[in-house]
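Participant:
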Amino acid sequence: MKDNNIVCSFCVMDSTVPDIIFDDMGVCQFCKDHKQRIIFEKENYPDYLEKLIEDIKKTSKNQQYDCIIGVSGGVDSTYVAYYLKKILN
4 MKDNNIVCSF CVMDSTVPDI IFDDMGVCQF CKDHKQRIIF EKENYPDYLE
54 KLIEDIKKTS KNQQYDCIIG VSGGVDSTYV AYYLKKILN
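Written out as structure tokens, the structure reads:
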């Protein structure tokens, strides 16, 4: 019996996911959609970040938490936690 399971060449999603579609390069539609959503000009990043923060604050109003951030203990994620708490509060 041949295993016809296809795995996305960009992430770990595979053909067991209902309705998943892969392009000729083996990239699933979820990765392609995500990539299109995050493409923006570097000059627009501050505006993008400000709008994202406003949206999160609006969505989480009257909630126990504003958002969840992943912290691995490395420099990058530790700085993100610091920045969100101390700089943006």
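In the working numbering, the protein residues as written are 4 to 92.
Glycine included, C-beta positions come from ideal geometry on N, C-alpha and C.
Fair warning: this is a prediction, and the values are worked out from it, not measured in the lab.
Answer with buried or exposed for C70, where buried requires no fewer than 16 other C-beta atoms within 10 angstroms of its C-beta.
Facilitator: Here residue 70 refers to the residue found at position 67 when the sequence shown is read from its first residue. The residue is exposed, with fewer than 16 neighbouring Cβ atoms inside 10 Å.
Participant: Please classify C11: is it buried, with 16 or more other beta-carbons within 10 angstroms of its beta-carbon, or exposed?
Facilitator: Taking the first residue of the sequence shown as 1, we reach residue 11 at position 8. With 16 or more other Cβ atoms within 10 Å, it is buried.
Participant: Measuring straight from C-alpha to C-alpha, what distance separates N8 and A84?
Facilitator: As a position in the sequence shown, residue 8 is number 5, starting the count at 1. As a position in the sequence shown, residue 84 is number 81, starting the count at 1. If I take the Cα positions, the gap works out to 38 Å.
Participant: Is D22 near K35, with beta carbons less than 8 Å apart?
Facilitator: Sequence index remark: in the sequence shown, residue 22 carries index 19 (1-based). Sequence index remark: in the sequence shown, residue 35 carries index 32 (1-based). No, the pair does not count as a contact, with Cβ atoms beyond the cut-off.
Participant: Which residues in the same chain have their Cβ closer than 7 Å to the Cβ of M16, if we skip the five residues on either side of it in sequence?
Facilitator: The residue given as residue 16 occupies position 13 in the sequence shown. So the list reads I23, C31 and F33, once near-sequence residues are dropped.
Participant: DSSP three-state label for D26, please.
Facilitator: For the purposes of this step, residue 26 is taken as residue 23 along the sequence shown, with counting starting at 1. It is coil, neither helix nor strand.
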